[in-house]
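Asks: Just remember that my numbering sits 215 ahead of the position in the sequence shown, which is counted from 1.
Yeah, the Cβ is synthetic: ideal placement off N, Cα and C, and Gly gets one too.
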Amino acid sequence: MTRRWGTHAILIAAVLVSVFPFVWTVIMATNTTTDIYHSPPKFTPGSHLLDNVGNVLSTIDFFGSMLNTLIVATVTTFLVVFIDSLAAFAFAKFDFPGRRVLFGLLLVFMMLPLQLGTLPQFIIMSQIGWVGTLQALVPPALANAFGIFWMRQYISGGVPDELLDAARIDGCGFFRQYWNVAVPLMRPALSFLSIYAFVNSWNDYIWPLIVLTDPNRLTLQVALAQLNVGHNTDYSMVMAGVLMASVPMVAVFALFARGFIAGATEGAIRG
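#1: Under the assumption that Leu405 contacts Val287 (Cβ atoms under 8 Å), give the Cβ distance between them as a whole number of angstroms.
#2: With H, G and I counted as helix, E and B as strand and the rest as coil, what does DSSP make of Ala358?
#3: Run the CB neighbour count on Trp422, radius 10 Å, all protein chains shown included, and call it buried at 16 or more, exposed below.
#4: Please go through the same chain and pick out, in chain order, the residues whose beta-carbon is closer than 8 Å to the beta-carbon of Asn283, but skip the five residues on each side of it.
#5: Taking only runs that begin and end inside the segment 402-475, name each unbroken alpha helix (DSSP H) of 4 or more residues, in chain order.
#6: With distances taken between CB atoms, is the gap from Ala303 to Met366 smaller than 8 Å?
#7: Hey, quick one: how far does the alpha helix (DSSP H) through Asp220 stretch, first residue to last?
#8: Given a threshold of 16 other Cβ atoms within 10 Å of its Cβ, counted over all protein chains shown, does Pro255 qualify as buried or as exposed?
#9: Determine, using beta carbons only, whether Met452 and Val271 come nearer to each other than 8 Å.
#10: Could you check if Pro236 is buried or exposed, using at least 16 other CB atoms within 10 Å of its CB as the buried criterion?
#11: Looking at Leu439 and the ligand FAD, is the gap between the Cβ and the nearest heavy atom below 7 Å?
#12: Could you tell me whether the segment 373-382 touches the segment 336-353, using the rule of 3 or more Cβ pairs below 8 Å?
#13: Among Ile425, Leu285 and Leu226, which one has its Cα closest to the Cα of Trp345?
#14: In angstroms with no decimal places, state the Cα-to-Cα distance between Phe278 and Thr248.
#15: In whole angstroms, what separates the C-alpha of Arg485 from that of Arg391?
#16: By the DSSP assignment, the alpha helix (DSSP H) with Gln330 in it spans what residues?
#17: Could you give the DSSP three-state label for Thr249: helix, strand or coil?
#18: Go ahead and pull the three-state DSSP assignment for Ile343.
#19: So what's Phe309 in DSSP terms, helix, strand or just coil?
#20: What's the call for Pro403, buried or exposed, on a 16-neighbour Cβ count within 10 Å?
#21: Indicate the three-state DSSP secondary structure (helix, strand or coil) for Val374 in the structure shown.
#22: By how many angstroms is the C-alpha of Phe471 removed from the C-alpha of Leu226?
#23: Compare the C-alpha of Ile298 against each of Ser262, Met459, Tyr393 and Trp417 and name the closest.
#24: Checking 8 Å against the spacing of the C-beta atoms, do Leu439 and Ala455 come in under that value?
#25: Excluding the 5 residues preceding and the 5 following Ser240 in the sequence, name in chain order all residues of the same chain whose CB lies nearer than 8 Å to its CB.
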């Protein structure tokens with residue numbers, strides 16, 4: 216009994232620590248910058264949220280940037296889930312020349328800093344004329360070694376070989392085995408990978424900052440960075456923008472939380 220109460224206390228403390236940054240964002244977004252600098256700090260919401268939101272909307276093209284981000288994140292998520300799951304299915308269930316070598320290279324790639332590819336990526340985008348366009352954000356995000364590794368670990372234990380053998384006997388080729396047999400069994404893992412890819416794309420900042428040169432095609436994270444103007448930063452306005460940008464993420468997680476948690480736990484058990 217004591218051990219159970221101790222476990223619950225630890226879990227409650229972990230939840231409070233996790234929720235506090237979001238609560239603190241709400242508090243700062245509803246107060247003024249003067250209130251934020253007040254000592255001792257205020258721990259109660261204020262009444263200036265609408266004013267701060269209005270300042271955000273008058274300073275940057277918030278909804279235009281959000282639309283750009285939504286388009287990029289949606290396309291990127293779809294392609295990452297499809298490509299990574301298809302490649303992982305091939306790695307896990309089919310034997311082809313160089314399979315282990317390619318998978319080993321993916322593991323090495325996972326350990327490399329993403330910044331190493333920034334300059335080559337920019338040169339490539341410049342040569343094909345994509346600098347300043349939204350499509351330049353999609354290809355670099357598709358090189359997701361974690362997604363392939365994650366799906367491969369799940370498929371190895373979650374897709375029985377007997378079902379694939381039966382599908383081959385019925386005349387199914389590689390793609391039909393993937394689509395008709397493997398995909399229905401991979402739904403929890405696909406939900407996890409979808410949220411992971413969507414959040415990564417939504418929060419991406421460095422690469423969009425470098426490659427997007429058109430002010431009318433900025434993503435949300437780059438647009439929000441324009442609210443920070445050095446010594447005269449209105450932090451209440453900045454936090455209001457951050458709060459507004461967080462709402463879609465909270466909504467996505469709320470809609471797919473069950474699949475996200477199921478995928479994470481099943482992947483941990485199978486891995």
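Replies: Once the coordinates are examined:
#1: About 20 Å separates the CB atoms of Leu405 and Val287; that is not less than 8 Å, and the two are not in contact.
#2: Note: Ala358 maps to coil in three-state DSSP.
#3: So Trp422 ends up on the buried side.
#4: Contacts found: Leu349, Arg432, Leu433, Thr434 and Leu435.
#5: As for any alpha helix (DSSP H) of minimum length 4 sitting wholly inside the segment 402-475, the runs are 402-418, 421-426 and 435-440, ordered along the chain.
#6: In this structure, Met366 lies closer than 8 Å to Ala303 by Cβ.
#7: Reading the sequence as shown, one finds Trp at residue 220 and not Asp. Start and end: Thr217 to Ala244.
#8: By the neighbour-count rule (16 or more Cβ atoms within 10 Å), Pro255 is not buried but exposed.
#9: Yes. Within cutoff.
#10: It is exposed - the Cβ of Pro236 has fewer than 16 other Cβ atoms within 10 Å.
#11: As for the ligand FAD, it is missing from this structure, which has no ligand bound.
#12: With a cut-off of 8 Å, the segment 336-353 and the segment 373-382 do not count as touching, because too few Cβ pairs lie within range.
#13: For the residues Ile425, Leu285 and Leu226, the minimum Cα distance to Trp345 belongs to Ile425.
#14: Rounded to the nearest angstrom, the two C-alpha atoms are 24 Å apart.
#15: Summary for Arg485: the model assigns pLDDT 47, below 50, so the residue's position carries little reliability, and this model does not support an answer.
#16: Unbroken run through Gln330: none, as it is neither H nor E.
#17: DSSP places Thr249 in helix when its eight states are reduced to three.
#18: Ile343: coil per DSSP, three-state reduction.
#19: If DSSP states are grouped into helix, strand and coil, Phe309 belongs with coil.
#20: Label assigned to Pro403: buried.
#21: DSSP places Val374 in coil when its eight states are reduced to three.
#22: Taking the straight line from one Cα to the other gives about 22 Å.
#23: The shortest C-alpha separation from Ile298 is found at Tyr393.
#24: Not closer than 8 Å, so no.
#25: Reading off the sequence, residue 240 comes out as Thr, not Ser. Answer for Thr240: Met454, Val457, Leu458 and Ser461, listed in chain order.
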